[in-house]
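Numbering (the UniProt record's numbering), first residue to last: 1 to 269.
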């Protein structure tokens, strides 16, 4: 089993910078995510901002884990029933659409990884509720992070909240350790039992990124080898933060000035 790396103070400083820059890409692109724009144009704008303004590298571009073809774009754009890894292209965003923009930048060798949902025009009541519940799921999971807690504590509270609302948790994709490597140990499941899986230690850094479906949890992989959709074509939503385990709790590394309000039940240290 791959060992979990405990980050050094130098690593943590680098990850703070990378995390903030990733979130600032989402701040920048927010006014451009509107009815009539293509996902390809959103990708182009993000790519140019990363490379020309931030001096960052888009981590997804040409990323090629075993068994995959190289990912062809700088970001992921997952619209409506796309769960994750939607490839930007000619798709035009319409009134009522929901889209997740997943951003990972590399700065000085460190990866910052975060995603947000955007709802366009007049979204349905279902879309708004799914988005709100998924956002709460992410924060409830994050709020379980502290030394001595277990990864299963995070997954359990996320699963409970989603299923109580009548939704389902995607099982095939999960959060992950991150640092100088894009995806590393541990795997952070968004379901599970309290007190199970790895114990959290100060210096761990990983993502919490629940994927919640309005219908069943079953998935379908598209012919491009990357795009994952809900099998029943129901809506899906995802939010993501990169989080550091501190000596007393947690620090969210992917917050920025334009980030949506944090739920009232979360009290940041």
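No residue lacks a Cβ here, since even glycine has one placed at the ideal position from N, Cα and C.
| Check | Outcome |
| --- | --- |
| Would you mind sorting residue 144 into buried or exposed? The rule is 16 or more other CB atoms within 10 Å of its CB. | buried |
| I need the straight-line Cα distance from residue 232 to residue 172, nearest angstrom please. | 16 Å |
| Would residue 170 pass as a contact of residue 103 if the rule is Cβ separation under 9 Å? | no |
| What is the DSSP secondary structure of residue 118, counted as helix, strand or coil? | strand |
| Taking DSSP as the reference, what is the three-state secondary structure of residue 240? | strand |
| Can you list, in chain order, the residues of its chain with a C-beta nearer than 8 Å to that of residue 268? Leave out the 5 residues immediately preceding and following it. | 252, 262 |
| What residues in its chain sit with their C-beta under 8 Å from that of residue 181, if we drop five residues either side in the sequence? | 111 |
| When burial is assigned at 16 or more other CB atoms within 10 Å of the CB, is residue 134 buried or exposed? | buried |
| Could you compute how far the alpha carbon of residue 242 sits from the alpha carbon of residue 89? | 27 Å |
| Measure from the alpha carbon of residue 142 to the alpha carbon of each residue in 168, 157, 223, then state which is nearest. | 157 |
| Within 10 angstroms of its Cβ, does residue 265 collect 16 or more other Cβ (buried), or is it exposed? | exposed |
| Taking the runs of the beta strand (DSSP E) that are 3 residues or longer, which of them lie wholly in the segment 175-255? | 175-177, 184-188, 205-208, 211-213, 219-221, 228-230, 236-238, 241-245, 250-252 |
| In chain order, what residues of the same chain have a beta carbon less than 7 Å from the beta carbon of residue 167, not counting five sequence neighbours either side? | 130, 133, 212, 213, 214 |
| Which of the three DSSP states, helix, strand or coil, is assigned to residue 4? | coil |
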